[in-house]
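Engineer: The structure that follows is given in the form of structure tokens.
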Amino acid sequence: MRLLVTGGAGFTGSNFVRHVVEHTDHDVTVLDKLTYAGNTASLAGLPTGRVRFVQGDIADAEVVGRLTGDADAIVHYAAESHADNSLHDPRPFLDTNIIGTYTLLEAARRHGTRFHHISTDEVYGDLELDDPERFTETAPYNPSSPYSATKAGSDLLVRAWVRSFGVRATISHCSNNYGPYQHVEKFIPRQITNVIRGIRPRLYGAGRNVRDWIHADDHSSAVLTILENGEIGRTYLIGADGERSNKDVVELILSLMGEPVDAYDQVVDRAGHDLRYAIDSTRLRTELGWMPLYGDFEKGLAATIDWYRGHEEWWAPSKDATEAFYSGKGQ
Ligand code: NAD
Ligand code: DAU
């Protein structure tokens with residue numbers, strides 16, 4: 030297949046491109062605007078005969094139409110992805126997540142192109158800490174932040190384009206990814222790079238909030254499975270049973286990096302902060318036979334710490350601006 034991967038210079042998109050090159054014969058065109066979150070260094074070393082890079086905006090109908098005409102499938106990762114940024118300035122989230130997705134869907138409709146939409150578990154809102162339930166494909170939408178509201182809106186566009194126009198689309202909702210090449214604004218890389226720089230990690234509030242961690246490689250294998258074998262019109266949840274409180278994760282990072290486990294600061298909490306995410310990925314496992322390979326979070330986190338220690342040239346250019354943004358908000 031010839032794949033058009035939007036947002037392929039970001040964290041999870043570039044992981045998917047590397048996964049496709051390693052595990053399939055598919056060729057890839059990456060369409061990425063290279064916002065502050067995009068970095069072509071995340072695609073370094075991939076064979077130029079199989080991976081082509083185009084800088085452009087998914088809301089630009091001309092470039093999207095041209096590239097879609099040359100593709101068998103679109104895998105749509107591009108988004109404004111950070112909840113904290115959406116609380117500060119929601120507008121780019123509407124432009125990219127809503128208008129950008131609409132632009133891609135119209136091109137897929139015109140060209141009859143297979144479409145896979147990357148969504149998030151955040152569209153379901155949050156769960157209580159003691160709730161025995163986890164999110165399933167039938168959970169009601171209840172987004173909390175401008176980020177998750179625009180992701181929910183984009184999901185509903187995909188569903189409408191499937192039903193009304195027959196676009197051959199699938200949707201996946203994944204939980205929190207970790208691994209190499211994640212921007213230092215996000216929780217795990219922020220704390221790792223803080224410790225490397227001699228800055229104390231920053232925990233929002235009391236750190237009781239729970240996230241369901243999955244290695245980015247497992248997210249990529251799940252997306253490829255759905256792209257190749259998923260049922261058109263169907264939604265799949267992706268998760269690896271990795272629930273941990275933020276406090277536990279900060280303490281584990283500090284301990285793996287040889288620091289006292291209480292050497293962190295509690296800072297201003299995120300407005301509307303979702304308490305807990307938890308994914309039930311039974312459908313994906315039973316219907317499509319997918320399994321995560323990274324069962325050991327501590328081992329995966331240790332490898333991620335090693336990666337950030339060895340790749341300062343990749344993350345250092347973003348670190349100062351990111352910390353300046355946070356310190357302006359007391360975080
Ligand atoms: P990221 O912020 O690391 O990367 C986003 C990429 O999209 C960047 O390369 C950026 O330049 C590009 N982009 C942004 N606006 C664009 C535009 N208008 N046109 C073209 N390219 C544009 O994000 P990520 O964490 O890799 O997330 C990617 C997708 O995965 C998002 O849709 C997100 O909702 C979803 N997701 C992420 C996670 C996670 O834990 N990271 C979990 C579930 C779902
Ligand atoms: O669940 C999937 C989502 O995971 C994706 O849709 C998003 O794109 C991705 O960014 C991520 O969203 P979160 O908001 O959960 O991730 P973030 O890394 O920003 O924060 C994880 C948790 O850590 C959250 O409870 C907030 C907290 N936090 C975050 C930062 C940056 C801190 O305690 N301190 C921090 O410095």
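So in the working numbering, the last spot in the sequence shown is 360, and the numbers never skip. Every residue gets a Cβ at the ideal spot worked out from N, C-alpha and C, and that includes glycine.
1) Is Phe40 close to the ligand NAD? I mean its beta-carbon at under 6 angstroms from any heavy atom of the ligand.
2) Would you call the region 218-236 in contact with the region 247-262, where contact means no fewer than 3 C-beta pairs closer than 8 angstroms?
3) On the DSSP letters alone, give me the boundaries of the beta strand (DSSP E) that Ile147 sits inside.
4) Could you tell me which residues DSSP pairs with Leu266 in its beta bridges?
5) Cα-Cα, which of Asn238, Gln360, Lys276 is closest to Arg305?
6) Indicate whether Thr199 and Lys180 have their beta-carbon atoms separated by less than 7 angstroms.
7) Going by DSSP, name the residue or residues bridged to Tyr207.
8) Determine, using beta-carbon pairs with one atom in the region 41-55 and one in the region 245-256, whether at least three such pairs fall under 8 angstroms.
9) If you compare alpha carbons, which of Gly236, Asp113, Gln211 is closest to Ala245?
10) Rounded to whole angstroms, what's the CA-CA distance from Thr142 to Arg192? Just pull it up for me.
11) Looking at Arg197 and Tyr20, is the spacing between their C-beta atoms short of 7 angstroms?
12) Identify whether Glu157 lies in helix, strand or coil by the three-state DSSP scheme.
13) For the beta strand (DSSP E) holding Glu272, just list the boundary residues, first then last.
14) Taking only three categories from DSSP, how would you classify Gln220?
15) Can you name, in chain order, every residue of its own chain whose Cβ lies under 6 angstroms from the Cβ of Glu272, other than the five neighbours on each side?
16) Under the criterion of a Cβ to heavy atom distance below 6 angstroms, does Ser110 qualify as lining the ligand DAU?
17) Here's the rule I'm using: 16 or more other beta-carbon atoms within 10 Å means buried, otherwise exposed. How should Lys358 be labelled?
18) Looking only at DSSP bridge pairs, what is Arg81 linked to?
19) Check the DSSP bridge columns for Arg231 and list the partner residues they point to.
20) Please classify Glu91: is it buried, with 16 or more other beta-carbons within 10 angstroms of its beta-carbon, or exposed?
21) Going by the C-beta, is Leu283 closer than 6 angstroms to any heavy atom of the ligand DAU?
22) Going by DSSP in three states, Thr35 sits in which element: helix, strand or coil?
23) Could you name the residues of the same chain whose beta carbon sits closer than 6 angstroms to that of Thr351, not counting the 5 residues immediately before and after it, in chain order?
24) Output the distance between the C-alpha atoms of Asp113 and Val152, rounded to the nearest integer angstrom.
25) Compute the minimum distance between the beta carbon of Leu123 and the heavy atoms of the ligand NAD, and state whether it is under 6 angstroms.
26) Short of 6 angstroms in beta carbon distance, which residues of its chain neighbour Ala107, apart from the five on each side in sequence? Order them along the chain.
27) At a cut of 8 angstroms, does the region 172-187 reach the region 223-237 through at least three beta carbon pairs?
28) Use the C-beta contact count for Gly324: other C-beta atoms within 10 angstroms, 16 or more gives buried, fewer gives exposed.
29) What's the gap between the Cα of Tyr131 and the Cα of Ile243?
Structural biologist: Well, looking at it:
1) yes
2) no
3) 143-149
4) His202
5) Asn238
6) no
7) His244
8) yes
9) Gln211
10) 15 angstroms
11) Given a span of 30 to 360 for the chain in the structure shown, any question on residue 20 remains unanswerable.
12) coil
13) 272-274
14) helix
15) Val239, Asp241, Ala307
16) yes
17) exposed
18) Thr58
19) Asp294
20) exposed
21) no
22) strand
23) Val213, Glu214
24) 15 angstroms
25) no
26) Thr35, Gly36, Ile87
27) no
28) exposed
29) 28 angstroms
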